[in-house]
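*Asks:*
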Amino acid sequence: MRELVQQPLTMWNLLLIVLAAIALLLVVLVFVTYAIYFERKVIGWMQLRPGPNRVGPLGLLQTVADVSKLLLKEDTRPKQADRILFALAPVLAYAPAFTVLAVMPFTESLQFADLDIGVLYYVGLSSITVLGVITAGWASNNKYALIGGLRSAAQMISYEVALVMSIVGIVILTGSMNLREIVEAQRDVWNIVPQFLAFLIFIIAAQAELNRSPFDLPEAESELVAGYHVEYSGFRFAMFMLAEYVYMFAMGTMVTVLFLGGWLPIHPALSFIPGIVWFVVKFSLYVFLQFWLRATMPRIRSDQLMSFAWKGLLPLAFLNILLTAGFVSIFA
Amino acid sequence: MLGFTKGLGFTLKKLPEKKVTHKYPDEPFPMPSRFRGIQHFSPEKCIVCNQCVRICPTDCIQLTGKPHPDPERKGKIIDTYDINFEICILCDLCTEVCPTEAIVMTNNFELAVYSRDELYKDLTWLDGNRTNIREEN
Amino acid sequence: MLRNQPPTESVISPAPEIRTEEMLLNVGPQHPSTHGVFRLVVKIEGETIKEAVPVMGYLHRGTEKIAENLTYTQIIPYMDRLDYLAAMTNNYVLCHAVETMMGLAIPERADYLRIIAMELNRIASHLVWWGTYLLDIGAMSPFLYAFRDRESILDLLNELCGARMTFNYMRIGGVKWDAPPGWIEKVANFVQYMKKELPNYHKLVSGNEIFIHRLAGIGQYDADTALHYSLSGVMLRCTGIKWDLRRDESYSLYDRFEFEIPTAVEGDCLARYWLRLAEIEQSLRILEQAVQQFPADGEIMGKVPRVIRPPAGETYVRIESPRGEIGVYIASQGKDKPWRLKLRRPSFMNLQILPHLLVGANMANMVAILGSIDIVLGEVDA
Amino acid sequence: MEEHVQLTPLERYVTRIGEKFGESAIENAYINELAKHVPTLVIQKEQWKEVARFLKEDESLHFEYLSNLHGIDYEDRMEMYYHFYSYKHRQNLAVKIVLPRENPSVCSVAEIWGGADWSERETYDLLGIHFAGHPNLTRIMLPDDWVGYPLRKDYVEYDEEV
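Now the structure itself:
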């Protein structure tokens with residue numbers, strides 16, 4: 001894919017690039033449908049119940065049925081809702097989640113754009129989702145949505161900082177922000193080993209970014225009914241669900257690339273297994289962790305969430321940067 | 001920090017265990033023998049003593065008797081007998097009080113209908129409802 | 001905008017400093033964590049609650065008015081529907097009131113059956129509370145485990161009296177059905193199974209730090225406030241007062257079993273959480289002893305006149321239901337229908353402290369405090 | 001103080017209240033056998049406020065727990081029934097107050113026992129007994145625009161059988 005981008009722009013190249021982008025979109029959509037299906041299955045199994053098994057063989061078409069229902073359902077909009085913002089919010093939530101995939105190195109060859117500032121691109125774009133959530137909360141003219149929107153604004157911003165700080169450790173270690181070079185640098189030892197503290201911070205901050213399990217405050221069912229997307233139905237609600245799972249896809253690739261050595265085998269002797277298999281295995285481990293946490297963990301309270309972010313994660317992240325910098329300056 | 005790891009370990013251990021869900025619509029739900037389902041009425045046993053109408057807490061039983069057709073037998077036989085299942089709470093007081101066990105409970109409980117007036121069950125329907133009748137009353 | 005039209009009030013921006021005013025939020029009557037049709041009009045600023053006004057009566061069926069023209073046997077099915085999670089205790093309190101008035105003697109076997117049924121129902125009620133309370137706090141799985149174990153209790157009670165929740169099992173002077181063959185062994189097996197299962201509940205959630213931080217120190221009050229608001233049951237015992245009607249004003253055969261009364265001191269949501277799980281253990285102990293002492297034979301119905309007519313006068317009895325002290329007042333004029341029936345409902349009385357506990361709490365705490373009071377709306381609005 | 005020992009709890013209450021408020025305060029005092037022999041006092045409506053405060057604050061009585069409170073409609077009179085319990089002395093006490101049938105009113109004890117607040121509102125809502133001095137005497141169970149008091153014997157159904 002990278003050579004295509006460097007060549008002069010002919011009609012043929014353009015068509016290839018567009019087709020590749022659509023192919024990635026399809027891959028992501030298939031991932032989303034079966035991530036939702038497996039999430040309900042895994043959480044069901046953990047709760048001693050079989051999970052969806054009525055639509056299609058073994059329930060495989062369950063999410064397809066849900067999505068088609070959402071598409072066919074009427075797209076209601078509250079009367080006093082702010083028309084433009086109400087329509088804009090799902091786009092603002094979904095677009096960055098998908099554009100962020102452009103820079104992800106799935107394997108050596110399979111990467112759309114090899115930016116030298118891959119990490120910065122990822123972090124920069126992923127914070128636009130907060131805007132989508134806040135506009136959704138404000139525009140749907142519903143008190144619960146408003147509280148949900150404000151809560152998620154506070155949460156995502158404070159954990160964004162912790163997320164970025166934990167990545168700085170790796171950037172110092174590998175000396176570059178290019179994701180492919182970060183993966184290359186992990187050839188002998190994965191980043192999870194030297195940067196284990198950063199790995200923990202990244203995982204926790206990622207949970208908060210995705211509004212999932214211990215930190216699913218914005219759409220806390222028991223308090224705010226459904227948080228910021230309470231007034232959405234039909235296709236717009238599908239967009240929000242899509243955004244959440246695509247964003248989980250992006251966060252999953254980031255964890256694999258930054259800490260678990262992308263497509264690199266555990267041991268060089270096993271390198272006959274292709275890179276994409278390694279990538280998928282590590283990626284689905286992270287996704288399983290998400291489902292597992294969602295089945296077990298209770299929800300944290302918003303003021304605890306704030307103090308945990310600023311007083312807990314952030315100092316740890318700075319400590320990690322200090323250690324890495326000290327380590328690099330002594331031995332480099 | 002170990003508290004939540006114990007919880008995580010517990011849910012992971014539950015993952016492979018046998019599921020407890022009962023596949024109700026596919027397999028019928030086995031009710032114990034004493035289960036109080038919808039009543040079964042046998043008109044030939046009824047002596048029109050109105051006990052069930054008097055004891056019913058929600059007054060959902062209406063019945064009318066008519067004099068016995070052949071003259072030498074006195075007393076009455078049942079003419080119409082209908083229970084309004086919209087307000088019947090299946091409390092089993094009517095079967096308890098019926099002297100001749102004309103009305104007994106069965107074990108089936110499926111009573112979902114599309115319109116309310118299908119819930120007014122009359123004598124013939126109650127007589128027809130004779131699958132798995134409860135033995136001990 | 002017409003040029004010569006004077007600007008209307010709304011066009012002019014409000015006073016220079018930003019005017020913040022509280023937001024009135026309707027929590028309920030259709031809300032996932034109000035355990036039924038219960039509405040709370042909450043005045044919040046940001047997320048802290050300034051003032052909470054509960055609105056009730058959505059499930060008021062006028063049971064006391066209906067009871068005034070029903071005979072005593074007919075009232076029992078209505079009593080099931082008050083606290084529908086622990087219907088056995090409701091049946092018992094009505095029968096106990098009429099038996100106290102008429103001075104009836106209850107055969108021993110009937111009393112044992114009643115106690116076993118009531119304690120099973122108490123465990124089932126606490127299991128429902130445990131499952132739904134953790135659902136409010138955010139953990140999804142405990143709900144399923146709790147309902148799986150409650151299902152085995154409901155099956156036991158279904159075999160005994162023919163219904164899963166609205167039992168209508170007890171009659172004035174005894175019980176309607178005898179235990180089916182092999183039922184007592186099933187109860188004994190269930191007690192052994194449940195004893196092994198309870199530590200798993202603690203392993204799943206009780207050690208979880210997030211869970212402890214969510215509950216410690218929330219909805220706290222001391223013994224005097226508890227007594228001032230006539231709280232009862234776990235709401236009273238969590239402030240250190242060791243009071244349980246089963247032991248202190250013993251009724252039925254409770255004096256034959258030895259069991260402790262778990263109490264705590266802090267008086268917050270966490271204390272109530274631990275107390276209710278400890279109460280399940282105590283009920284299991286009672287059940288174990290009751291199954292051993294269960295008499296081999298004996299009637300299940302005392303000598304009772306065909307038409308029950310309590311003597312003219314009034315009585316007020318109170319027993320320990322899973323939610324607190326449930327009481328029945330009967331004023332009778334010698335006829336077969338009560339002149340006046342008043343129900344002292346623990347959920348209704350325990351709920352009075354909610355507005356005072358909520359001042360200054362935030363939304364997440366509101367859900368935790370309301371869940372820890374363990375109310376059932378059928379009982380609040382009876 | 002020694003002669004107090006032989007007195008039964010009922011006589012002890014009667015003498016204590018009699019000294020403080022004079023004999024007229026208690027109209028009648030008896031043991032109610034039907035209710036597990038609970039001592040019952042029938043107290044004058046006018047002095048009920050002071051007697052209530054006395055019941056709670058006095059050391060030898062110390063009834064700090066109000067278990068139940070409600071009204072009864074006897075067609076020729078209305079009655080209030082209170083049930084107290086003292087954790088200190090492990091004693092029950094029932095108090096009854098007789099009220100006239102037309103616009104019955106008694107002074108509220110919501111300040112003394114917080115638990116009385118909602119019970120009084122419910123009694124007002126269903127029986128129409130007015131509680132003077134109650135902080136917020138409004139209907140609690142029925143909608144605010146409801147006409148009539150359902151638990152009264154002469155209550156006409158608001159809407160005929162559906």
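If you read the protein sequences in the order shown, they are chains A, B, C and D.
Under the UniProt record's numbering, read the first sequence as residues 1 to 332, first letter to last.
Under the UniProt record's numbering, read the second sequence as residues 1 to 137, first letter to last.
Under the UniProt record's numbering, read the third sequence as residues 1 to 382, first letter to last.
Under the UniProt record's numbering, read the fourth sequence as residues 1 to 162, first letter to last.
Note that the Cβ used here is the ideal one computed from N, Cα and C, for glycine as well.
This one's a predicted model, so the numbers in the text were calculated from it and none came from an experiment.
So, is T63(A) buried or exposed, given that buried needs 16 or more other C-beta atoms within 10 angstroms?
*Replies:* Buried: at least 16 other Cβ atoms inside 10 Å.
*Asks:* Taking all protein chains shown into account, decide if T73(C) is buried (16 or more other Cβ within 10 angstroms of its Cβ) or exposed.
*Replies:* Result: buried.
*Asks:* Please look up how many angstroms separate the CB atoms of A206(A) and T129(A), rounded, as I've assumed it's under 8 Å.
*Replies:* About 13 Å separates the two Cβ atoms, so there is no contact after all.
*Asks:* Using a Cβ-Cβ cut-off of less than 7 Å, give me the residues of the stretch 47-67 of chain D that come near chain C, in sequence order.
*Replies:* Those would be E64, Y65, L66 and S67, in chain order.
*Asks:* In its own chain, which residues sit with a C-beta less than 6 Å from the C-beta of F259(C), not counting the 5 before and 5 after it?
*Replies:* So the list reads Q282, R285 and I286, once near-sequence residues are dropped.
*Asks:* Please list the partners that Y87(D) has in chain C, where partner means a Cβ-to-Cβ separation under 8 Å.
*Replies:* Going along chain C in sequence order, the residues near Y87(D) (Cβ under 8 Å) are L227, I241 and W243.
*Asks:* Give every residue of the same chain whose Cβ lies closer than 7 Å to the Cβ of F279(A), excluding the five residues on either side of it in the sequence, and list them in chain order.
*Replies:* Within the same chain, F279(A) has close Cβ partners F106, T107, T256, G262 and W263.
*Asks:* Is the shortest distance between the beta-carbon of P181(C) and the beta-carbons of chain B less than 7 Å?
*Replies:* Answer no: the Cβ-Cβ gap between P181(C) and chain B never drops below 7 Å.
*Asks:* Taking a cut of 7 Å between CB atoms, which residues from the stretch 16-43 of chain B lie near chain G?
*Replies:* The chain labelled as chain G is not found among the protein chains of the depicted structure, namely A, B, C and D.
*Asks:* Starting from residue 141(B), find everything on chain C with Cβ-Cβ shorter than 8 Å and list it in chain order.
*Replies:* Missing from the structure shown is residue 141(B); chain B here goes from 1 to 137 and no further.
*Asks:* Quick one: does P57(A) have its CB under 7 Å from some CB of chain B?
*Replies:* No - not a single Cβ of chain B is within 7 Å of the one on P57(A).
*Asks:* Consult DSSP for R344(C) and reduce its assignment to one of helix, strand or coil.
*Replies:* Note: R344(C) maps to strand in three-state DSSP.
*Asks:* What are the start and end residues of each continuous beta strand (DSSP E) run of 3 or more residues lying completely inside the stretch 251-328 of chain C, in chain order?
*Replies:* With a minimum length of 3 residues, the continuous beta strand (DSSP E) runs that stay inside the stretch 251-328 of chain C are 313-321.
*Asks:* So for M23(C), helix, strand or coil by DSSP?
*Replies:* The answer is strand: DSSP assigns M23(C) an E or B state.
*Asks:* Going by the beta-carbon positions, is the gap between E320(C) and R246(C) smaller than 7 Å?
*Replies:* Their beta carbons are under 7 Å apart, which means E320(C) touches R246(C) by this criterion.
*Asks:* Residues of chain B with a CB under 9 Å from the CB of R49(A): which are they?
*Replies:* Correct list: K19, V20 and T21.
*Asks:* Is H31(C) helix, strand or coil when you go by DSSP?
*Replies:* Coil, per DSSP.
*Asks:* The beta strand (DSSP E) with I106(C) in it runs from where to where?
*Replies:* Counting along the chain, I106(C) falls outside any beta strand (DSSP E), and DSSP gives it neither H nor E.
*Asks:* Taking 6 Å as the limit between beta carbons, can you name the residues of its chain near N28(D), skipping five residues before and five after?
*Replies:* Hits under 6 Å: V42.
*Asks:* Is the beta carbon of S141(C) sitting closer than 7 Å to the one on T95(B)?
*Replies:* The answer is no: Cβ separation not under 7 Å.
*Asks:* Chain C partners of K69(A), CB-CB under 9 Å?
*Replies:* Ordered by position in chain C, no residue passes the 9 Å Cβ test against K69(A), which lies about 22 Å from the chain.
*Asks:* Any Cβ of chain B within less than 7 Å of the Cβ of T76(A)?
*Replies:* With 7 Å as the cut-off, T76(A) does not count as an interface residue toward chain B.
*Asks:* Between which two residues does the alpha helix (DSSP H) containing D155(C) stretch?
*Replies:* Note, D155(C): alpha helix (DSSP H), S141 to C161.
*Asks:* Between A309(A) and chain B, is the shortest Cβ-Cβ distance under 7 Å, so that the two count as touching?
*Replies:* By this cut-off, A309(A) is not an interface position.
*Asks:* How would you label H37(D), buried or exposed, when you count the other beta carbons within 10 angstroms and need 16 or more for buried?
*Replies:* Under this definition H37(D) is an exposed residue.
*Asks:* Name, please, each residue of chain A whose Cβ falls closer than 7 Å to the Cβ of K14(B).
*Replies:* Residues of chain A passing the Cβ test: M46 and L48.
*Asks:* Would you be able to state if there are at least three C-beta pairs under 8 Å between the stretch 100-111 of chain B and the stretch 169-177 of chain C?
*Replies:* These segments do not touch.
*Asks:* So, for Y114(C): in the same chain, excluding its five sequence neighbours on each side, which residues have a beta-carbon less than 7 Å away from its beta-carbon?
*Replies:* Note on residue identity: the sequence assigns Arg, not Tyr, to residue 114(C). So the list reads Y92, M170, V175 and S252, once near-sequence residues are dropped.
*Asks:* Does chain B have any CB closer than 7 Å to the CB of A295(A)?
*Replies:* Yes - at least one Cβ of chain B is within 7 Å of the one on A295(A).
*Asks:* Could you tell me if M11(A) is buried or exposed, where buried requires 16 or more neighbouring beta carbons within 10 angstroms of its beta carbon?
*Replies:* When all chains shown are included, M11(A) counts as exposed.
*Asks:* C91(B) versus chain C: which residues are under 7 Å apart at the beta carbon?
*Replies:* The contacting residues are P77 and N168.
*Asks:* Return the CA-CA distance between E185(C) and D155(C), expressed in angstroms with no decimal places.
*Replies:* Each residue's Cα considered, the two are about 14 Å apart.
*Asks:* What's the C-alpha gap between K13(B) and K6(B)?
*Replies:* Answer to the nearest angstrom: the Cα atoms are 11 Å apart.
*Asks:* Using the beta-carbon count (16 or more within 10 Å), is F291(A) buried or exposed?
*Replies:* Buried, since its Cβ has 16 or more Cβ neighbours within 10 Å.
*Asks:* So the candidates are P150(D), A132(D), T138(D) and W118(D); which of them puts its Cα closest to the Cα of Y229(C)?
*Replies:* When each option's Cα is compared against that of Y229(C), the closest is W118(D).
*Asks:* List, in order along the chain, the chain A residues whose C-beta lies closer than 7 Å to that of S141(C)?
*Replies:* M46, Q47, A295 and T296, listed in chain order.
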